[in-house]
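Engineer:
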Amino acid sequence: MMYGLLERDFYYIKKALDKFSEIDQAILFGSRALGNYKKGSDIDLAIVGDDISDKTMADLYEWLNDIYPLPYMIDLQNYNSITNENLKNHIDTCGKELYQKQEDSRP
Numbered sequence: 004m005m006y007g008l009l010e011r012d013f014y015y016i017k018k019a020l021d022k023f024s025e026i027d028q029a030i031l032f033g034s035r036a037l038g039n040y041k042k043g044s045d046i047d048l049a050i051v052g053d054d055i056s057d058k059t060m061a062d063l064y065e066w067l068n069d070i071y072p073l074p075y076m077i078d079l080q081n082y083n084s085i086t087n088e089n090l091k092n093h094i095d096t097c098g099k100e101l102y103q104k105q106e107d108s109r110p
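Going by our numbering, the sequence shown opens with residue 4, and the numbers climb by one from there.
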């Protein structure tokens, strides 16, 4: 059970992220990335991509927190919009890549 999450949790997170072509990467940060999470700790995700709008973030939030049966609250941050340098540094140094968009390899 990596980061205190079940395979089912990873499945739904990836399924939600795959819905948005503008999302390139999702980075897990906070207590789950550090390994000091507790039962019921939320999931902190930094969402990376060049054209991520507020609507994308709101729609992703809805998929992860309202539509899919994930047992944890998921907190999202648009990585490119983070102004807190301490938070950005934490994500850069302690974050764990949870998702990387798969490029279409067809010609």
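Note that CB positions come from ideal geometry on N, CA and C, so glycine has one too.
Residues in the same chain with beta-carbon distance under 8 Å from R109, minus the five sequence neighbours each way, listed in chain order, please.
Structural biologist: The residue you call residue 109 lines up with position 106 of the sequence shown. For R109, the predicted model reports a pLDDT of 46, less than 50, meaning its position is unreliable; a value from the coordinates is still stated below. Correct list: empty, nothing qualifies.
Engineer: Per DSSP, F32 forms a beta bridge with which residues?
Structural biologist: Locating residue 32 in the sequence shown gives position 29, counting from the first residue. Bridge partners of F32: D47.
Engineer: Once DSSP output is grouped into helix, strand and coil, what is the label at K99?
Structural biologist: Walking along the sequence shown from the start, residue 99 turns up at place 96. Strand, per DSSP.
Engineer: What would DSSP say about D57, mapped onto helix, strand or coil?
Structural biologist: To locate residue 57, count along the sequence shown from 1; it is residue 54. In the structure shown, D57 sits in a helix (DSSP, three-state: H, G or I).
Engineer: Taking the Cβ atom as the reference point for each residue, do K104 and I26 lie within a distance shorter than 8 Å?
Structural biologist: Counted from its first residue, the sequence shown places residue 104 at position 101. Counted from its first residue, the sequence shown places residue 26 at position 23. Cβ distance < 8 Å, so K104 and I26 count as in contact.
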